[in-house]
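Structure record follows, encoded as structure tokens.
Residue numbers (our numbering): 297 to 696.
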């Protein structure tokens, strides 16, 4: 790493006149050993490797490259960290909200640091729940742990905690996308190794999570989090692709047990492609997104905003045991989950038609958020259990 991971040699300090060696409350201390670093997986996910700072200064000669995230929009299980001591995998997939670009659905770790044991956490659904963490499970060697909230789990090579925590204590932007509620949030923390050389922080959301990997550098490591050689310039998307790290691993190499299988459809994109989202995103959405930072940060932020706007072109109806999603402008309608009688299906189709026909003005507006529409279910008393449905004004609409 050209010495960049170990600082400078022949450092001279002065103790004269109350210099930094003795001036209270400051001391001078020389640190030895491998450095610590932090890698984050946020949103789609946008991955900030160990060698790329999330905030702070960057070289004036290349300000647009230093903070470039690794954007992973495809589904699969990927190598987040590979090393002689620990292997960390991330599962990326599609959700009912983010149907075009994959999000982080889970993380798992194993290796000599854990004496061959495997810790894994993943969203299992089968649908978003309240509170959100109820849709998640954690396993240790395939056996569920941390099932209660709050709870802890301890072995000689792991110290795991499931409790309310402040996400920004682990990374400045750990609340990205899913941590908008103020105050501490239900979170998982896994301190791995006898000396706790690796920490995994997981903030579970409705269907996706944010992950912060904090660890001491292991010589020779690599993965989507970068090679951690303290050189930001060799962690580009092109570099990772040349090493085969942008391709998912084989199913046989998965670190996730079957108990942590993701809900059906996690590996199938049903929305427009990322390129289509950006092409069709209204200029008003981009202007109101409030994005800032380097061009690379702006690009990632704008994609998230445009993805949310694209989701605004979809509407979910909870009708008679069915959860139906109808999407503009492609005209798709699908049953997300549930079942119902013929009568309730007919009622569902009727209300979808009413909603659809009442939104004609939206078709030419691109991906713009739609106003909220609620649905009230009313029993008709018919012998087949048919149900009637009425559209409610926005102010009456409750959560669907």
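Built from N, CA and C at the ideal position, the CB exists for glycine as well.
message = Please state whether the Cβ-Cβ distance between residue 368 and residue 346 is less than 8 angstroms.
response = Inclusion of residue 368 and residue 346 in the CB contact set at 8 angstroms is not warranted, their separation being larger than that value.
query = Per DSSP, what kind of secondary structure is residue 431 in: helix, strand or coil?
reply = In the structure shown, residue 431 falls within a helical segment according to DSSP collapsed to helix, strand and coil.
key: residue 511 burial status per 10 Å Cβ neighbour count (16 or more: buried)   = With 16 or more other Cβ atoms within 10 Å, it is buried.
request  = Could you check the C-alpha separation between residue 440 and residue 582 for me, to the nearest Å?
outcome  = Each residue's Cα considered, the two are about 43 angstroms apart.
message = Using the three-state DSSP reduction, which class does residue 334 fall into: helix, strand or coil?
response = Strand, per DSSP.
task = Starting from residue 443, trace the beta strand (DSSP E) both ways and give me its first and last residue.
result = Membership of residue 443 in any beta strand (DSSP E) is not indicated, and neither H nor E is assigned to it by DSSP.
task = Pick helix, strand or coil for residue 490, following the three-state DSSP scheme.
result = In the structure shown, residue 490 sits in coil (DSSP, three-state: anything other than H, G, I, E or B).
request  = Just tell me which of 506, 457, 413 has its CA closest to the CA of residue 399.
outcome  = The candidate whose alpha carbon is nearest that of residue 399 is 506.
query = Where does residue 583 sit, in a helix, a strand or coil, going by DSSP?
reply = Here residue 583 sits in helix by DSSP.
task = Spell out whether any CB of chain C is found under 8 angstroms from the CB atom of residue 451.
result = The structure shown has no chain C; it contains just one protein chain.
task = Give the secondary structure of residue 505 by DSSP, where H, G and I count as helix, E and B as strand, and everything else as coil.
result = Strand, per DSSP.
message = Within 8 angstroms, do at least three Cβ pairs link the segment 403 to 416 to the segment 517 to 532?
response = When C-beta atoms of the segment 517 to 532 are compared with those of the segment 403 to 416, fewer than three pairs fall below 8 angstroms, so the two segments do not count as touching.
message = Is it the case that the segment 534 to 552 contacts the segment 374 to 385, given that we only count it when at least three CB pairs across the two stretches are under 8 angstroms?
response = Output reads yes: the segment 534 to 552 touches the segment 374 to 385.
query = Roughly how many angstroms lie between the CA atoms of residue 252 and residue 422, to the nearest whole one?
reply = In the structure as shown, the chain starts at 297 and stops at 696, and residue 252 therefore has no counterpart that could be examined.
ask   = residue 695 to residue 524, Cα distance in whole Å?
value = Interpretation of residue 695 is limited by its pLDDT of 31, a score under 50 that renders its predicted location unreliable; no figure is taken from the coordinates.
task = Determine the DSSP secondary structure at residue 549, reduced to helix, strand or coil.
result = Helix at residue 549.
query = Quick one: is residue 458 buried, meaning 16 or more other Cβ sit within 10 Å of its Cβ, or exposed?
reply = Residue 458 counts as buried, since at least 16 other C-beta atoms from the protein chains shown sit within 10 angstroms of its C-beta.
request  = Can you give me the Cβ contacts of residue 453 inside the same chain, cut-off strictly under 8 angstroms, excluding the 5 residues immediately before and after it?
outcome  = Excluding sequence positions up to five before and after residue 453, its CB lies within less than 8 angstroms of the CB of 409, 410, 411, 413, 488, 489, 490, all in the same chain and listed in chain order.
CB contact flag (residue 378, residue 522, <8 angstroms) = Contact flag unset, no.
task = Just confirm the distance between the C-beta atoms of residue 342 and residue 551, as a whole number of angstroms; I'd bet it's less than 8 angstroms.
result = Their Cβ separation, rounded to whole angstroms, is 22 angstroms, which puts residue 342 and residue 551 out of contact at 8 angstroms.
query = With burial defined as no fewer than 16 other Cβ atoms inside 10 Å of the residue's Cβ, what is the status of residue 456: buried or exposed?
reply = Residue burial annotation: residue 456 is buried, with at least 16 other C-beta atoms found within 10 angstroms of its C-beta.
ask   = Taking the C-alpha atoms as reference points, what is the distance between residue 660 and residue 483?
value = No answer about residue 660 holds up, because its pLDDT of 26 lies below 50 and its placement is not dependable.
query = Looking at C-beta atoms only, is the number of pairs between the segment 428 to 439 and the segment 572 to 579 that lie closer than 8 angstroms three or more?
reply = With contact defined as three or more Cβ pairs closer than 8 angstroms, the segment 428 to 439 and the segment 572 to 579 are not in contact.
task = Just the C-alpha distance for residue 366 and residue 344, rounded to the nearest angstrom, thanks.
result = Those two C-alpha atoms are separated by around 6 angstroms.
ask   = Helix, strand or coil for residue 535 per DSSP?
value = The DSSP-derived three-state label of residue 535 is helix.
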